[in-house]
């Protein structure tokens, strides 16, 4: 892993596709969801404007407030 990629990975999820394309943040999440077969139509639709903008904003809100969202999402019963 290069130092640049390591720094980028600290801030957001990173995906490098088979053809070498680098995807980051919301685009990387959509790519992974499409690859694993999670509602491929929704994943493809999310990659189009204006949906991708909303997904990117939502990603950054959650990423910058991980501890806040973690309290609600990862609670043990």
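Numbering (this note's numbering), first residue to last: 1036 to 1112.
By construction, the Cβ of each residue, glycine as well, lies at the ideal position given by its N, Cα and C atoms.
Since the model is a prediction, treat every value here as computed from it, not as a measurement.
Residue(s) in a DSSP beta bridge with residue i
{"i": "residue 1049", "result": "1059"}
Assigned exposure category for residue i - 16 Cβ within 10 Å defines buried
{"i": "residue 1076", "result": "exposed"}
{"i": "residue 1062", "result": "buried"}
{"i": "residue 1089", "result": "exposed"}
{"i": "residue 1064", "result": "buried"}
Reference residue i, options the options, closest by Cα
{"i": "residue 1042", "options": "1071, 1073 and 1059", "result": "1059"}
{"i": "residue 1096", "options": "1040, 1046, 1039 and 1036", "result": "1046"}
{"i": "residue 1070", "options": "1087, 1056 and 1052", "result": "1052"}
{"i": "residue 1113", "options": "1055, 1048, 1056 and 1072", "result": "What the structure shows of the chain is the stretch from 1036 to 1112, and residue 1113 is not part of that stretch, so it cannot be assessed."}
For residue j and residue i, believed in contact at Cβ under 8 Å, the rounded distance
{"i": "residue 1050", "j": "residue 1067", "result": "6 Å"}
Under 8 Å: do the stretch 1075-1084 and the stretch 1099-1110 share three or more Cβ pairs, one atom per stretch? no
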